[in-house]
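Q:
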Amino acid sequence: MRLSLQLTLLLFSLFLILISCKKNDNVHSASPGVNVYISGTDNNDAVYWKNNTEVHLTNSNSNAYSSSIFVTPNNDVYVAGGQVTSGSSLAAYWKNGQVNYLTDSGAFVGLNYISVSGNDVYTAGLIEKMSNIRHAAYWKRCAIRLCKCQ
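According to the numbering used here, the stretch in the sequence shown is residues -8 to 141, in order.
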């Protein structure tokens, strides 16, 4: 009896697997008129993708990254990221492909977030200076503000 039940469940499972997916199943795409944006890194270059089209923000093998993307209602594209140099990381964001550096060398910075409200650009991440202690930080209009943890 137990073997019969197991065999029945196995056959039923195989049947479900066989009928569930077909090669001609349509892959659903985004709704017409909706753009899909994704930020990331490709071959050590900061990039983003718009509707599967890759847009490079840096030159080949520049040791750069992008981590967050924000698109305004008028289609301005803001991307947070940075470029790693010997022993430090330059925090940056790109607006429509033009880079804006937030830090100079001498610190390790990792940006994780970007948002825009009106003319104000907000970015957030971590910063580590000589003390080897990382602090949460955010930038508004390129001015840094450290978050002090108690």
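Beta carbons are placed, not taken as given, at the ideal position from N, Cα and C, and that holds for glycine. Model, not experiment: these values are computed from the prediction.
1. Can you list, in chain order, the residues of its chain whose CB lies under 7 Å from that of Lys86, leaving out five sequence neighbours each side?
2. Whole-angstrom Cβ separation of Leu102 and Gly73, contact assumed at under 8 Å?
3. Going by alpha carbons, who is nearest to Pro64 out of Tyr84, Asp95 and Val107?
4. Using only CA atoms, which one of Trp130, Leu48 and Tyr92 lies nearest to Thr32?
5. Check this for me: beta carbons of Val38 and Val46, under 8 Å apart or not?
6. Going by C-alpha to C-alpha distance, which of Thr94, Asn54 and Ser122 sits closest to Ala134?
A: Taking the definition as stated:
1. For the purposes of this step, residue 86 is identified with residue 95 of the sequence shown, where counting begins at 1. Excluding sequence neighbours, Lys86 sits near Asp67 and Tyr69.
2. One-based indexing of the sequence shown puts residue 102 at position 111. One-based indexing of the sequence shown puts residue 73 at position 82. So it is a contact: roughly 6 Å between Cβ atoms.
3. The count along the sequence shown starts at 1 and reaches residue 64 at position 73. Considering only alpha carbons, the answer is Val107.
4. For the purposes of this step, residue 32 is identified with residue 41 of the sequence shown, where counting begins at 1. Minimum Cα distance to Thr32 is reached at Leu48.
5. Translated into the one-based positions of the sequence shown, residue 38 becomes position 47. Translated into the one-based positions of the sequence shown, residue 46 becomes position 55. A contact, by the Cβ cut-off of 8 Å.
6. In the sequence shown, counting from the first residue as 1, residue 134 sits at position 143. Closest option to Ala134, Cα to Cα, is Thr94.
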